[in-house]
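Q: So in my numbering, spot 58 of the sequence shown is number 58, and the numbers just go up one at a time.
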Amino acid sequence: LFGSMHSSLEDWKWAYHHYNSVANYKLPALEECLFLHQVSIAIAIRHWIRQLQVESTPNPRSISRLTELNQEWHTLQIIR
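Structure (structure tokens):
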């Protein structure tokens with residue numbers, strides 16, 4: 001789970017429901033998937049904060065990505 005490989009919450013939900021319905025695999029509970037998603041967001045936020053710290057002039061892409069991740073973090077807190 002790295003910042004550059006961050007998946008959206010909808011991707012996690014889709015994967016969970018898709019594989020749960022077509023396969024007989026033992027999958028983690030949806031609550032565990034939400035926790036893993038929360039961890040991936042935290043890692044991504046940390047990555048982009050560090051990226052901003054090393055940039056002499058803040059890159060608009062870094063700021064934009066960090067803003068998106070913060071919004072998703074707050075949305076996830078509401079869901080949980």
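The beta carbon of each residue, even a glycine, is placed where N, CA and C say it ideally should be. Treat the numbers as computed from the prediction; the structure is a model and nothing was measured.
#1: Determine the burial state of H37: buried for a count of at least 16 other Cβ atoms within 10 Å of its Cβ, exposed for fewer.
#2: CA-CA distance, L30 and L66?
#3: Are the beta-carbon atoms belonging to A44 and L69 less than 7 Å from one another?
#4: Under three-state DSSP, which class holds P60?
#5: By DSSP, does E55 sit in helix, in strand, or in coil?
#6: With burial defined as no fewer than 16 other Cβ atoms inside 10 Å of the residue's Cβ, what is the status of I49: buried or exposed?
#7: Considering only residues of the same chain and omitting the five flanking positions on each side of W73, which have a CB-CB separation below 8 Å?
#8: Taking the CB atoms as reference points, tell me whether Q53 and S62 lie closer together than 7 Å.
A: According to the data block:
#1: buried
#2: 25 Å
#3: yes
#4: helix
#5: coil
#6: exposed
#7: Q38, I41, A42, I45
#8: no
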